[in-house]
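**Q** Have a look at this one before I ask anything.
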Ligand code: PGA
């Protein structure tokens, strides 16, 4: 049975003290919950990952980074290597978020190298894909997402693809307050699972979690999460307040 995942992507938010408070509140909020098949992942900025990992040792959540370098450790000023993230207890890395693709010119080629670095260092990539508004208006969203998967992931072999989590994040729904409807999201998730099945077989595709991201909030989380191919969420703004994030975690049924 594939895992359900609720991951909080804090982006570039929170001072040290605020981060400490938020991690504490989330950790305590889920401390008494028995998760059967659900994992909570916090992805704070790099600076706070060690603090989050210290908490995670005592509580039932995992820690991810929002990005990693495409390079191994060495002379790359300002970069953070996957091996370094792993060494402080990080378990996941978001890769290919649309903000990285757009503002930092991350190409499919760079992203596939980041996926390799993650896997080599035992980090689970949360590989993001999703279309811009003009693409959806032109009804080319399946073509674009299909290409992102082919270029960024489908060079992996069967063994490695099962170590990946996919996140569908329509760019027009990120931080805009506009969410894909549950049926729009399900339609794309089903497409992604079919692409995975076409390349790797039904059994493999059935095991890969596909998360939805884009203005998930307590009020819409349930309707999204009950869709058959939506296995959780990558939550931006909704992960910055503990009460909202805890409600979103609760909305993902743990069966
Ligand atoms: P949002 O961001 O929930 O604020 O729309 C999601 C994301 O970018 O991962």
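In this note's numbering, the protein residues as written are 88 to 342.
For every residue, glycine included, the Cβ atom is placed at its ideal position computed from N, Cα and C.
Just how far apart, CA to CA, sit residue 316 and residue 91?
**A** Taking the straight line joining both Cα atoms gives about 11 angstroms.
**Q** Examine the Cβ distances between the region 256-273 and the region 217-225 and report whether three or more of them are shorter than 8 angstroms.
**A** As far as the Cβ criterion goes, the region 256-273 touches the region 217-225, which means the pair count is three or higher.
**Q** What is the rounded straight-line gap between the Cα of residue 247 and the Cα of residue 283?
**A** Cα to Cα, residue 247 sits roughly 13 angstroms from residue 283.
**Q** Near residue 139, what residues of its chain come up, given a Cβ to Cβ distance below 7 angstroms and the 5 sequence neighbours on each side ignored?
**A** The answer, listed in chain order, is 110, 129, 131, 150.
**Q** Please identify the residue among 182, 300, 113 whose C-alpha is closest to the C-alpha of residue 327.
**A** When only C-alpha atoms are compared, the closest one is 113.
**Q** Does the region 274-288 come close enough to the region 203-214 that 3 or more CB-CB pairs lie under 8 angstroms?
**A** No: the two stretches stay apart, fewer than three of their Cβ pairs being nearer than 8 angstroms.
**Q** Around the C-beta of residue 313, are 16 or more other C-beta atoms found within 10 angstroms, so that it is buried, or is it exposed?
**A** Burial call: exposed.
**Q** Can we say the region 154-172 touches the region 189-207, given the rule of at least three CB pairs closer than 8 angstroms?
**A** The region 154-172, when compared against the region 189-207, does touch it at the 8 angstroms Cβ threshold.
**Q** Could you compute how far the alpha carbon of residue 361 sits from the alpha carbon of residue 242?
**A** Absent from the structure is residue 361, since the part of the chain shown begins at 88 and ends at 342.
**Q** Can we count residue 217 as close to the ligand PGA, meaning its CB is less than 7 angstroms from some heavy atom?
**A** Outside the cutoff, so no.
**Q** Could you check whether the Cβ of residue 314 sits closer than 8 angstroms to any Cβ belonging to chain D?
**A** Absent from the structure: chain D. Only one protein chain is present.
**Q** Exposed or buried, what is residue 119 when buried is set at 16 or more other beta-carbons lying within 10 Å of its beta-carbon?
**A** So residue 119 counts as exposed.
**Q** Is residue 348 helix, strand or coil by DSSP?
**A** What is shown of the chain runs 88 to 342, which leaves residue 348 out entirely.
**Q** If we require 4 or more residues per run, which alpha helix (DSSP H) segments fall completely within the region 205-252?
**A** The region 205-252 contains these whole alpha helix (DSSP H) runs: 220-224, 228-239, 245-248.
**Q** Candidates 136, 156, 117: which alpha carbon is nearest residue 102's?
**A** Checking every option, the nearest Cα to that of residue 102 belongs to 136.
**Q** Using C-beta distances below 7 angstroms, list every residue in its chain close to residue 163, excluding the 5 sequence neighbours before and after it, in chain order.
**A** Contacts found: 156.
**Q** Roughly how many angstroms lie between the CA atoms of residue 304 and residue 123, to the nearest whole one?
**A** The straight-line gap from Cα to Cα measures roughly 23 angstroms.
**Q** Can you check DSSP and say which residues form a bridge with residue 328?
**A** BP columns for residue 328 are empty, so no partner.
**Q** Give the single residue among 147, 121, 318, 280 whose Cα lies nearest to the Cα of residue 89.
**A** Comparing Cα positions, the closest option is 318.
**Q** Along the chain, which unbroken stretches of the beta strand (DSSP E) at least 3 residues long are found entirely within the region 94-176?
**A** Within the region 94-176, the complete beta strand (DSSP E) runs of at least 3 residues are 125-130, 149-152.
**Q** Does the distance from the CB of residue 267 to the CB of residue 280 come in under 8 angstroms?
**A** Not in contact: residue 267 and residue 280 (Cβ atoms no closer than 8 angstroms).
**Q** In or out: residue 121 buried (at least 16 other Cβ within 10 Å) or exposed?
**A** The residue in question, residue 121, is exposed, as its Cβ has fewer than 16 Cβ neighbours within 10 Å.
**Q** Three-state secondary structure (DSSP) at residue 300?
**A** Looking at residue 300 - three-state DSSP - the assignment turns out to be strand.
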